[in-house]
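The opening residue of the sequence shown carries number 311 in the numbering used here; numbering runs sequentially from there. Each residue gets a CB set at the ideal place from its N, CA and C atoms; glycine is no exception.
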Amino acid sequence: MERKEKNTDPAIRLLPPIDASYQPVRAITKIPATSSLDEILAHLERDGGVILTDFVSLETMNRINDELEPYVKPIAETDGYDDFIGRKTLVIPGLVGKSDTIANILDNNET
311 MERKEKNTDP AIRLLPPIDA SYQPVRAITK IPATSSLDEI LAHLERDGGV ILTDFVSLET
371 MNRINDELEP YVKPIAETDG YDDFIGRKTL VIPGLVGKSD TIANILDNNE T
């Protein structure tokens, strides 16, 4: 992947990095994936997001990692993505087309 030059377009304003001492007002709540739909929706409505724990098994996660390894390695060997997304963020578009396991989870909710 070719590294892009820093943004020189004056129309695009890049925000400064977040200070390490920043503490968010509210953290995203973690709840079990077996929680009721009403509880999940309540967290989404209140916080704008929710983390579902144990959504898939460790075996399933390992299978996903194995399927995505060919796409992760080339990205990890570069200096990251870009100034907007971040240099430590790995971006792998099209996960459903790259992982049969992810496609199966989304299509059939099989974990």
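Starting from the Cα of residue i, find the closest Cα among the options and give me that residue.
i	options	result
I415	P380, D376, S367, A337	S367
L354	R336, T370, D364, E369	R336
F365	P342, D357, A352, E377	P342
Y324	T370, K398, N418, F394	The question names Tyr, but residue 324 in the sequence shown is Leu. Looking at the Cα atoms, F394 is the closest of the given residues.
Distance check for residue j and residue i, CA to CA, integer angstroms please.
i	j	result
T411	L362	18 Å
L400	V382	7 Å
I402	D348	31 Å
I350	E379	31 Å
N418	G359	23 Å
I374	G404	13 Å
N372	T344	21 Å
M311	I328	Confidence in M311 is poor, its pLDDT being 45 and thus under 50, which makes the residue's placement unreliable; the coordinate value appears in the next sentence. Approximately 26 Å between the Cα atoms of the pair.
A413	E377	12 Å
I398	Y332	The identity of residue 398 in the sequence shown is Lys, whereas the question assumes Ile. Looking at the two C-alpha atoms, the distance is approximately 19 Å.
A352	V406	28 Å
S409	P334	34 Å
A330	S346	35 Å
Tell me, please, which residues DSSP counts as bridged to residue i.
i	result
T363	P342
So, using beta-carbon positions, are residue i and residue j closer together than 8 Å?
i	j	result
T370	D357	no
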